[in-house]
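The sequence shown begins at -2 in our numbering and counts up one residue at a time.
Positions of the beta carbon are idealized from the N, C-alpha and C atoms, including for glycine.
Given the structure is predicted, the values throughout are model-derived calculations rather than measurements.
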Amino acid sequence: MALRKELLKSIWYAFTALDVEKSGKVSKSQLKVLSHNLYTVLHIPHDPVALEEHFRDDDDGPVSSQGYMPYLNKYILDKVEEGAFVKEHFDELCWTLTAKKNYRVDSNGNSMLSNQDAFRLWCLFNFLSEDKYPLIMVPDEVEYLLKKVLSSMSLEVSLAELEELLAQEAQAAQTTGGLSVWQFLELFNSGRCLRGVGRDTLSMAIHEVYQELIQDVLKQGYLWKRGHLRRNWAERWFQLQPSCLCYFGSEECKEKRGTIPLDGQCCVEVLPDREGKRCMFCVKTASRTYEMSASDTRQRQEWTAAIQMAIRLQAEGKTSLHKDLKQKRREQREQRERRRAAKEEELLRLQQLQEEKERKLQELELLQEAQRQAERLLQEEEARRRSQHHELQQALEGQLREAEQARASMQAEMELKEEEAARQRQRIEELEDMQQRLQEALQLEVKARRDEEAVRLAQTRLLEEEEEKLKRLLRLKEDQERYIEQAQQEKQELQQEMALQSRSLQLAQQQLEEAAQRKLRQASTNVKHWNVQMNRLMHPIEPGDKRPTTSSSFTGFQPPLLARRDSSLKRLTRWGSQGSRTTSPSTSEQQKSLNGGEEAPISASNPREDKQDPEPEN
């Protein structure tokens, strides 16, 4: 995570350098070239397909820093491996891009910084700047770096001078949060803090501080080292880092002669002087012991302390001393900021308490003034009350005298009142007696009224019942009248029917008479024939007799004929009586004449004529 933050700081400068129009966006072709260079310098395998796909030409236009971050994280930063590349080459690439646009060197040669020194100060600035964009260095870190550079040149500067110098820079830049890298470089180029130091001295100091902070060189210098095989002594240039102690043939560090790895199991010991060598010490590792000799006791003490510090860092798992110190300084600044905020809050709270106290004092003074006014008013009220009491007492004494006089008169009046009250009590008793009698009479009257009301209610009920009966009788009368009218109508209809039936009977009688005459004629013919036949049967024919005629034979044989006629008439009469039992009296008379003067009985009559409607009860 720390390596990613450091790389992002340098890449941010490269991205802003490509933003020519200062719009926060960079063209895709420029980002494509930048990504390709980052692949190369970070020793990451190239992914040309993803590169072409992500940065192909289309209508989307330039890409902002937020739009570039996903590709940067996925295809570059996530693949970076610490130790697989040279960070100085990476920083040089980003510095080259940003210096072309933002860093301006004085054309007259008055600049104190060379391009290499400016690059190293830029790296130092990135290392010590805050993790916020745009990148700035807080005044505490500026002061720390200035002290480092000045101490490397054996110069000292007072705190007041540094604060004044930083205030001037902040005022010139119109910022209060810190200095940008270009303001920081301008501070060195102007030479206001260098006190006439030459460019070479400044360059050496910057290089030393760069090695210490960026390359983690804890200490470097010449030491005598004893060989492992030939056991001879040779002078070497040593560089101490948290992970190892390297030695070279010269201070240019071009010919590396060896490396002593350091870990938590290593130790450093001071050795006594021997074989003409003094200020000796040794570094013991798990596989070998390295003997060395310093120029003096102070150098030996510094070297042993530095090596012990490197061993302690390895034991604690820390890779950089100054990163740890930077983090501690940042934590201290945050603590100071918290303490300052707490102090300001406390001061604000105290100020509020002071204001509250002053307000309460003012309220107390107002209360005291009000109390004094109240006391004065109370005294005035007391004096007024006393005067009023005195006046009231005098008035009461006068009223008391008047009351005594009134009491005497009242006693006389009371006696009269008592006599009047006795008379009133007697009158009241009489009135109470009268009231009791009146109440009894009233009760009797109420009872009579109640009885009368009950009788009236009973009469009302009886009247209602009578009215109901009358209504029922009226309804019955209406029903009877309706029934009578209906009966009369039925009677008329029956009379009409009877007239029709009598006419039909007359027609039937005529038809019967005609049929009877026909039958009588036929019967007489038949009788004659029968008589002839009977005569023939009664007188058998003999041979030689003549056949007698019917008209001349048996002329005196009448009884059988009459008997047969009577029997025929009886049958006709019986048939007629069965067919017309509902005939009228005229029809009966006709039957009587047919039956030889005998009256036929009427077996049926109209039941409706015999039925009589009951009279309604009144």
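Requested in this report: Count the other CB atoms, across all protein chains shown, that sit within 10 Å of the CB of Lys6; report buried if there are 16 or more and exposed otherwise.
Outcome: Counting from 1 along the sequence shown, the entry for residue 6 is found at position 9. When all chains shown are included, Lys6 counts as buried.
Query raised in the report: So is Ser290 in contact with chain C if we call contact Cβ pairs under 8 angstroms?
Result: No chain C appears in this structure, which consists of one protein chain only.
Query raised in the report: Can you name the residues that DSSP bridges to Phe52?
Result: Along the sequence shown, read from residue 1 onward, the residue named residue 52 stands at position 55. Answer by DSSP bridge pairing: none, since Phe52 is not bridged.
Query raised in the report: For Met134, which of helix, strand or coil comes out of DSSP?
Result: Counting from one through the sequence shown, the residue named residue 134 turns up at place 137. Met134 falls in the strand class under three-state DSSP.
Query raised in the report: Is the beta carbon of Lys216 less than 8 angstroms from the beta carbon of Ala303?
Result: Locating residue 216 in the sequence shown gives position 219, counting from the first residue. Locating residue 303 in the sequence shown gives position 306, counting from the first residue. The answer is yes: Cβ separation under 8 angstroms.
Query raised in the report: From Gln63 to Leu191, what does the alpha carbon distance come to, in whole angstroms?
Result: Taking the first residue of the sequence shown as position 1, residue 63 is located at position 66. Taking the first residue of the sequence shown as position 1, residue 191 is located at position 194. Straight through space, the alpha carbons of Leu191 and Gln63 are spaced by roughly 40 angstroms.
Query raised in the report: So, is Glu32 buried or exposed, given that buried needs 16 or more other C-beta atoms within 10 angstroms?
Result: As a position in the sequence shown, residue 32 is number 35, starting the count at 1. First, the residue type needs correcting, since residue 32 is Ser and not Glu in the sequence shown. Label assigned to Ser32: buried.
Query - Supposed close pair Ser139, Phe181 - CB separation, criterion 8 angstroms - result: Numbered from its first residue, the sequence shown carries residue 139 at position 142. Numbered from its first residue, the sequence shown carries residue 181 at position 184. According to the sequence provided, residue 139 is Val. The question's Ser does not apply to it. Your pair Val139 and Phe181 checks out as a contact, with CB atoms roughly 7 angstroms apart and the cut at 8 angstroms.
Query raised in the report: Ends of the beta strand (DSSP E) at Gln236?
Result: For this step, residue 236 is matched to residue 239 along the sequence shown. Gln236 -> beta strand (DSSP E) spans Trp230 to Leu237.
Query raised in the report: For Cys91, does the three-state DSSP call read helix, strand or coil?
Result: For this step, residue 91 is matched to residue 94 along the sequence shown. Collapsing the DSSP output to three states places Cys91 in a helix.
Query - beta strand (DSSP E) segment containing Cys279, residue limits - result: Taking the sequence shown and counting its residues from 1, the one referred to as residue 279 is at position 282. Here the beta strand (DSSP E) through Cys279 covers Met277 to Lys281.
Query raised in the report: CB Ile211 to CB Val146, shorter than 8 angstroms?
Result: Within the sequence shown, numbered from 1, the residue matching residue 211 stands at position 214. Within the sequence shown, numbered from 1, the residue matching residue 146 stands at position 149. For Ile211 and Val146, no; Cβs fall outside 8 angstroms.
Query - Where Ala400 falls, given that 16 or more other Cβ within 10 Å makes a residue buried - result: In the sequence shown, residue 400 corresponds to position 403, counting from 1. Exposed is the call here.
Query raised in the report: How should Arg297 be labelled, buried or exposed, when 16 other C-beta atoms within 10 angstroms of its C-beta is the threshold for buried?
Result: As a first step, residue 297 must be located in the sequence shown, where it is residue number 300. With 16 or more Cβ atoms within 10 Å of its Cβ, Arg297 is classed as buried.
Query raised in the report: From Leu504 to Gln493, what distance separates their C-alpha atoms?
Result: Within the sequence shown, numbered from 1, the residue matching residue 504 stands at position 507. Within the sequence shown, numbered from 1, the residue matching residue 493 stands at position 496. Straight-line Cα distance between these residues: approximately 17 angstroms.
Query raised in the report: Would DSSP call Phe116 helix, strand or coil?
Result: Within the sequence shown, residue 116 is the residue found at index 119, counting from 1. Here Phe116 sits in helix by DSSP.
Query raised in the report: Since Arg447 is in the alpha helix (DSSP H), which residue starts that stretch and which ends it?
Result: Working through the sequence shown from its first residue, we reach residue 447 at position 450. Per DSSP, Arg447 belongs to the alpha helix (DSSP H) from Leu318 to Met535.
**Report entry** alpha helix (DSSP H) segment containing Ile203, residue limits
**Finding:** Within the sequence shown, numbered from 1, the residue matching residue 203 stands at position 206. First-last of the alpha helix (DSSP H) with Ile203: Arg196 to Leu210.
Query raised in the report: Are the CB atoms of Tyr695 and Ile308 nearer to each other than 8 angstroms?
Result: Since the displayed the chain opens at -2 and closes at 615, residue 695 lies outside it and no answer follows.
Query raised in the report: Per DSSP, which one or two residues make a beta bridge with Met289?
Result: Translated into the one-based positions of the sequence shown, residue 289 becomes position 292. Bridge partners of Met289: Lys222 and Phe278.
**Report entry** Distance, Lys274 Cα to Ser290 Cα
**Finding:** Stepping through the sequence shown from its first residue, residue 290 is reached at position 293. Stepping through the sequence shown from its first residue, residue 274 is reached at position 277. Taking the straight line joining both Cα atoms gives about 7 angstroms.
Query raised in the report: In whole angstroms, what is the alpha-carbon distance linking Pro131 and Trp9?
Result: Translated into the one-based positions of the sequence shown, residue 131 becomes position 134. Translated into the one-based positions of the sequence shown, residue 9 becomes position 12. Rounded to whole angstroms, Pro131 and Trp9 show a C-alpha spacing of 9 angstroms.
Requested in this report: Indicate whether Arg254 and Arg223 have their beta-carbon atoms separated by less than 8 angstroms.
Outcome: Locating residue 254 in the sequence shown gives position 257, counting from the first residue. Locating residue 223 in the sequence shown gives position 226, counting from the first residue. Pairing Arg254 with Arg223 gives a Cβ-Cβ distance that is not under 8 angstroms.
Report task. Evaluate the contact criterion for the segment 69 to 80 versus the segment 31 to 49: three or more CB pairs, one atom per stretch, below 8 angstroms. Result -> They touch, by the three-pair rule.
Query raised in the report: Which class does Tyr141 belong to by DSSP, given the choice of helix, strand or coil?
Result: Counting from 1 along the sequence shown, the entry for residue 141 is found at position 144. Three-state result, Tyr141: helix.
Query raised in the report: According to DSSP, what are the bridge partners of Val60?
Result: Here residue 60 refers to the residue found at position 63 when the sequence shown is read from its first residue. Answer by DSSP bridge pairing, in chain order: Val23.
Query raised in the report: Applying the criterion that 16 or more other CB atoms from any shown protein chain within 10 Å of the CB defines a buried residue, is Asn123 buried or exposed?
Result: The residue given as residue 123 occupies position 126 in the sequence shown. Its Cβ being crowded by 16 or more others within 10 Å, Asn123 is buried.
Requested in this report: Identify whether Leu15 lies in helix, strand or coil by the three-state DSSP scheme.
Outcome: Along the sequence shown, read from residue 1 onward, the residue named residue 15 stands at position 18. Under the three-state reduction of DSSP output, Leu15 falls in the helix class.
Query raised in the report: Secondary structure at Tyr100, three-state DSSP: helix, strand or coil?
Result: Taking the sequence shown and counting its residues from 1, one reaches residue 100 at position 103. DSSP places Tyr100 in the coil class of the three-state scheme, outside both helix and strand.
Requested in this report: Could you give the DSSP three-state label for Val265: helix, strand or coil?
Outcome: The count along the sequence shown starts at 1 and reaches residue 265 at position 268. In the three-state reduction of the DSSP assignment, Val265 falls in the strand class.
Query - Limits of the unbroken alpha helix (DSSP H) element including Phe245 - result: Stepping through the sequence shown from its first residue, residue 245 is reached at position 248. Looking at the DSSP string, Phe245 is not in any alpha helix (DSSP H); the run it does join, the beta strand (DSSP E), is Cys241 to Phe245.
Requested in this report: Return helix, strand or coil for Pro67, following the three-state DSSP convention.
Outcome: For the purposes of this step, residue 67 is identified with residue 70 of the sequence shown, where counting begins at 1. Residue state, collapsed to three classes: helix.
Query raised in the report: Relative to the C-alpha of Arg330, which residue among Arg533, Leu4, Val135 and Ala14 is closest?
Result: The count along the sequence shown starts at 1 and reaches residue 330 at position 333. The residue among Arg533, Leu4, Val135 and Ala14 with its C-alpha nearest the C-alpha of Arg330 is Val135.
Report task. For the alpha helix (DSSP H) containing Ile41, list its first residue and its last residue. Result -> The count along the sequence shown starts at 1 and reaches residue 41 at position 44. Neither: Ile41 is in no alpha helix (DSSP H) and is coded neither H nor E.
Query raised in the report: Would the beta-carbon of Cys276 fall within 8 angstroms of that of Asp293?
Result: For this step, residue 276 is matched to residue 279 along the sequence shown. For this step, residue 293 is matched to residue 296 along the sequence shown. Yes, these two residues count as a Cβ contact at 8 angstroms.
Report task. Could you tell me which of Asn532, Thr93, Ile425 and Asn112 sits nearest to Val102, measuring between CA atoms? Result -> Position 105 of the sequence shown, counting from 1, holds the residue named residue 102. Looking at the Cα atoms, Asn112 is the closest of the given residues.
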